[in-house]
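Trainee: One structure is given below, represented as structure tokens, and several questions about it will come after.
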Amino acid sequence: MYDLTDHDSDKTGTIAEPPNRTLREKLSTPSWILYDFSDTIFSASLLTFYFPLWVTQDAGGTDAYFAFALSLSALLVAITAPLSGALSDQMNRRVPMLAVCVILCATCTGLIGAFGGLSWGLGLFFLANFLYQTGLVFYNSLIRNVSSESKRGIVSGIGVGAGYIGLFVAFLLLDPQVREHGNQWAFLPTAALYVLFALPLLLIVKDVGRMRPISMRLVTQSYRQLYTTFRNARQHKNLFRFIMARFLYMEAINTVSSFYVIYLVSVSDFTQDEAVDMIIRLIMIAVFSSVIAGFMVSKFGSKKVLGVALVGWASVVIAAALVSETWMFWVVGAVTGCFWGGAQIADRGVVAGVWAR
């Protein structure tokens with residue numbers, strides 16, 4: 004029932020495309036793609052660039068403080084994500100739950116550094132990252148509402164590529180002010196951009212089917228659904244192996260992405276500006292490789308592309324740990340750009356296929 008093998012790309016999936024679509028239906032896919040533009044701005048600012056540097060250079064903390072807050076929020080997501088998914092299934096609604104996550108996440112992001120010190124900043128980051136990652140549970144599943152199965156790889160690839168373009172544009176807007184006023188200056192504009200580019204999805208993309216209003220009975224049914232699912236785990240071994248593997252490889256990728264700038268500044272001879280400049284160039288490579296990865300998913304299937312991407316990630320991480328010269332870091336960074344978006348694009352295709360079954 005929950006088999007993870009790839010299916011023919013000519014199947015139309017769960018959402019058929021009617022010949023005469025309304026304007027709203029035509030705008031659904033671009034709106035979904037634009038959210039990638041939005042959430043990559045958040046992840047780059049808080050997980051890769053400015054917040055890690057704010058902790059280690061501006062607020063007097065160490066990378067261990069950042070690692071603890073990041074790991075704790077990821078653990079909470081791992082614990083609550085199954086219930087969040089089950090509850091959205093029971094309600095038959097994901098867009099409203101994504102909207103709550105976006106608004107609360109942006110609020111926490113904008114308040115970082117506005118009052119209190121390091122402890123308050125880490126606490127707000129913990130909440131912001133938890134809400135951001137939880138929102139991705141709902142966002143990734145919405146790809147079934149905006150594309151057919153045969154086009155999911157292409158749509159996902161364009162989305163990830165658009166996200167990297169958004170990150171590049173945001174960097175051009177934020178970095179001059181950050182260099183003048185410090186890393187904290189980035190947080191409020193990041194929150195505003197995150198909400199602004201998420202709005203089209205929240206206003207245009209529709210959930211399919213009748214909504215079931217939330218109630219204690221619905222929450223109870225969600226817990227019961229989870230209990231039944233785990234009780235029948237032996238009948239769906241492939242599904243549970245995939246869930247555990249996905250948690251491990253996605254957290255590994257997120258951790259590497261989050262500590263890349265800190266690693267370059269701490270271990271190599273890169274200054275903060277040079278490290279950020281390297282990541283920006285890496286992202287430019289990732290824009291093109293993401294679109295290519297999307298076409299490869301549609302042609303060869305999500306599982307095969309995911310496997311190649313994970314092997315690529317493992318290789319560049321090992322290489323980064325072994326190199327010492329500046330030019331070697333540039334080579335490793337360029338190769339990383341080729342694989343950066345591939346895992347995320349293929350992962351969405353696998354998750355959508357599992358969810359549909």
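The numbering of the sequence shown is the numbering used here, which starts it at 4 and goes up by one. No residue lacks a Cβ here, since even glycine has one placed at the ideal position from N, Cα and C.
Okay, do the stretch 202-210 and the stretch 98-110 touch, 3+ Cβ pairs below 8 Å being the bar?
Mentor: yes
Trainee: What's the call for T8, buried or exposed, on a 16-neighbour Cβ count within 10 Å?
Mentor: Reliability of the predicted coordinates at T8 is poor, the pLDDT of 40 falling under 50, and the value obtained from them is presented with this limitation in mind. Answer is exposed; the Cβ neighbour count stays below 16.
Trainee: Rounded to the nearest angstrom, what separates V294 and V300 at their Cα positions?
Mentor: 10 Å
Trainee: Secondary structure at F273, three-state DSSP: helix, strand or coil?
Mentor: If DSSP states are grouped into helix, strand and coil, F273 belongs with coil.
Trainee: Helix or strand or just coil, what does DSSP make of G340?
Mentor: helix
Trainee: Over the uninterrupted alpha helix (DSSP H) stretch that includes F118, give me the two end residues.
Mentor: No alpha helix (DSSP H) holds F118; DSSP gives it neither H nor E.
Trainee: Could you give the DSSP three-state label for A349: helix, strand or coil?
Mentor: A349: helix per DSSP, three-state reduction.
Trainee: Select from G340, N148, F129 and F174 the residue whose C-alpha is nearest the C-alpha of I36.
Mentor: N148
Trainee: What first and last residue would you give for the alpha helix (DSSP H) that runs through W57?
Mentor: Element bounds for W57: n/a, residue is neither H nor E.
Trainee: Out of curiosity, what's the CA-to-CA distance linking W343 and W333?
Mentor: 15 Å
Trainee: Excluding the five sequence neighbours on either side, which residues of its own chain have a C-beta within less than 8 Å of the C-beta of D276, listed in chain order?
Mentor: R182
Trainee: Using only CA atoms, which one of I321, L127 and S151 lies nearest to A255?
Mentor: I321
Trainee: Identify whether V314 lies in helix, strand or coil by the three-state DSSP scheme.
Mentor: V314: helix per DSSP, three-state reduction.
Trainee: Let me confirm a value: G119 is counted as buried when at least 16 other C-beta atoms fall within 10 Å, else exposed. Which label applies?
Mentor: exposed
Trainee: How would you label I157, buried or exposed, when you count the other beta carbons within 10 angstroms and need 16 or more for buried?
Mentor: buried
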